[in-house]
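Visitor:
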Amino acid sequence: MEAIEVVFSHDSVDAHDRGDYWREMTRPVFDIVALDGLRANTAVGDLRSRANGELFLGRTTFSSQKFTRSQRKVQVSGLDGYILQFLTSGEMRGNVGKEYLQLGPGDIWILDLSRTCENQASSGARLTMMIERDRLEKLMGRPDLHGQVFRRRQPVTRILFDYMVELWSVSLDITPGAASLSIDVVGNLLRGGQSDRLRLSPEEELNFLETIRGRILRFVDQQLEDPNLSVEMIADRFCISKSSLYRAMEMDGGVATVVRERRLAKAFSLLVRGDMKIAQVAYACGFSNSQQFFKAFHRKFGFPPSEARYANARNIIAPNLGDLLSHFERSAPRSL
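Under the working numbering, read the sequence shown as residues -16 to 319, first letter to last.
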């Protein structure tokens, strides 16, 4: 079966009917009402739902509202299983079964669709996954997951967020087999969240690493100025072993190569701007001293950092993708 996406935007509906449409879209799962003191049609939202094989994901943005799953809703909806809800923005508080929850951005909670909840949410956004009951309970090693929370301060929670964001971006393009495997990865990451230790099979780890590879590269870019950026730092950030990190970066030439090349590309761009001294550039790009920077730069580009401003026009057209647009603009023929 091909991957399917369903999109609902409140902008496509007359303003007077938006609240009714939003309640109808969410009716199988929740009863939606506006917050006290607000008109009923102010409770609105947008929904994107994706299905690929056994994988079922949703992404929502919405106004402030109350959402309830009553015992009657449980009985008439026919839905079973679990919903994992990732708070990408906004806050939530209320009762989930007998538990009172108060959540913020970066937190994750689990809803058992056979149980009740009554919550109030500020305007915000959520990323959700629906998983069969038996499958998630087996992956996590125990039943009764209703209301379980994973806080954003937990390292594994941050990793799971990274994985889910990347999984959403590729969810329509991966094979059904990879989609099914991703569910196991999520379940085992959640289980790891109970002890802050990951337990992935080799196949699951490969899926995980392929999915978050772009996230790792972005983390490296954010930390380039830190001279302590290392294999250990990156592995700790993503809760993986050093050997796993080496495998993830193998196609890029290895971790050390990735860090060095990105530092030098950043240094080149800063030098071309011409508003920083060489020593300042070296420090801003994470080199421990100017001599180390000089040697690495000369080895990479074939000339010293002091000549970078002039070499840009003479020898190097676009050292990175960020400069490619500038090159196109400079090279385009001028209209007469």
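Cβ atoms here follow ideal geometry from the backbone N, Cα and C, with glycine treated the same way.
Go ahead and label Val(-10) buried or exposed: buried means 16 or more other beta carbons lie within 10 angstroms of its beta carbon, across all protein chains shown.
Guide: Locating residue -10 in the sequence shown gives position 7, where the first residue counts as 1. The residue is exposed, with fewer than 16 neighbouring Cβ atoms inside 10 Å.
Visitor: Determine the direct distance from the alpha carbon of Asp145 to that of Asn298, and round the result to whole angstroms.
Guide: Locating residue 298 in the sequence shown gives position 315, counting from the first residue. Locating residue 145 in the sequence shown gives position 162, counting from the first residue. For Asn298, the pLDDT reaches just 46, beneath the cut-off of 50, and the residue's location in the model is therefore unreliable, although a value from the coordinates is still provided. Going from the Cα of Asn298 to the Cα of Asp145 covers about 39 Å.
Visitor: So is Gly2 buried or exposed if we call it buried at 16+ other beta carbons inside 10 Å?
Guide: Here residue 2 corresponds to residue number 19 of the sequence shown, with the count starting at 1. Gly2 should be labelled buried.
Visitor: Counting only the same chain and skipping the five closest in sequence on each side, list residues whose C-beta sits under 6 Å from that of Ser273.
Guide: Here residue 273 refers to the residue found at position 290 when the sequence shown is read from its first residue. So the list reads Ala262, Ala265, once near-sequence residues are dropped.
Visitor: Let me know the alpha helix (DSSP H) ranges lying completely inside the stretch 265 to 292, each 4 residues or longer, listed in chain order.
Guide: The qualifying runs are 273 to 284.
Visitor: I'd like to know whether the C-beta atoms of Arg76 and Gln85 end up nearer to each other than 8 Å.
Guide: Numbered from its first residue, the sequence shown carries residue 76 at position 93. Numbered from its first residue, the sequence shown carries residue 85 at position 102. Contact: yes.
Visitor: By a C-beta neighbour count over all protein chains shown, 10 Å radius and 16 as the cutoff for buried, is Gly176 buried or exposed?
Guide: On the sequence shown, residue 176 is found 193 positions in, with the first residue counted as 1. With 16 or more other Cβ atoms within 10 Å, it is buried.
Visitor: The alpha helix (DSSP H) spanning Asp204 covers which residue range?
Guide: As a working mapping, residue 204 is identified with position 221 in the sequence shown. Unbroken alpha helix (DSSP H) run through Asp204: 185 to 205.
Visitor: Quick one: is Asp90 buried, meaning 16 or more other Cβ sit within 10 Å of its Cβ, or exposed?
Guide: Position 107 of the sequence shown, counted from the start, is the residue given in the question as residue 90. By the neighbour-count rule (16 or more Cβ atoms within 10 Å), Asp90 is buried.
Visitor: Beta carbon of Ser184, beta carbon of Leu38: below 8 Å?
Guide: Looking up residue 184 in the sequence shown gives position 201. Looking up residue 38 in the sequence shown gives position 55. It is not a contact, given that the beta carbons lie outside the stated cut-off.
Visitor: Give me, in chain order, the residues of the same chain whose beta-carbon lies closer than 8 Å to that of Ser227; leave out the 5 immediate sequence neighbours on both sides.
Guide: Reading the sequence shown from its first residue, position 244 is the one you call residue 227. Within the same chain, Ser227 has close Cβ partners Glu188, Leu192, Ala218.
Visitor: How long is the line joining the alpha carbons of Ser309 and Ser289, rounded to whole angstroms?
Guide: Indexing the sequence shown from 1 puts residue 309 at position 326. Indexing the sequence shown from 1 puts residue 289 at position 306. Reliability of the predicted coordinates at Ser309 is poor, the pLDDT of 47 falling under 50, and the value obtained from them is presented with this limitation in mind. If I take the Cα positions, the gap works out to 22 Å.
Visitor: Using the C-alpha atoms, what's the distance from Gly64 back to Asp95?
Guide: Taking the sequence shown and counting its residues from 1, the one referred to as residue 95 is at position 112. Taking the sequence shown and counting its residues from 1, the one referred to as residue 64 is at position 81. Cα to Cα, Asp95 sits roughly 6 Å from Gly64.
Visitor: Tell me the DSSP secondary structure of Thr140 in three-state form.
Guide: On the sequence shown, residue 140 is found 157 positions in, with the first residue counted as 1. The answer is helix: DSSP assigns Thr140 an H, G or I state.
Visitor: Roughly how many angstroms separate the alpha carbons of Arg42 and Val238, rounded to a whole number?
Guide: Within the sequence shown, numbered from 1, the residue matching residue 42 stands at position 59. Within the sequence shown, numbered from 1, the residue matching residue 238 stands at position 255. Cα to Cα, Arg42 sits roughly 33 Å from Val238.
Visitor: Going by other Cβ atoms of all chains shown within 10 Å of its Cβ, with 16 needed for buried, is Ser(-5) buried or exposed?
Guide: On the sequence shown, residue -5 is found 12 positions in, with the first residue counted as 1. With fewer than 16 other Cβ atoms within 10 Å, it is exposed.
Visitor: Gly28 to Leu207, Cα distance in whole Å?
Guide: For this step, residue 28 is matched to residue 45 along the sequence shown. For this step, residue 207 is matched to residue 224 along the sequence shown. Whole-angstrom Cα-Cα distance: 39 Å.
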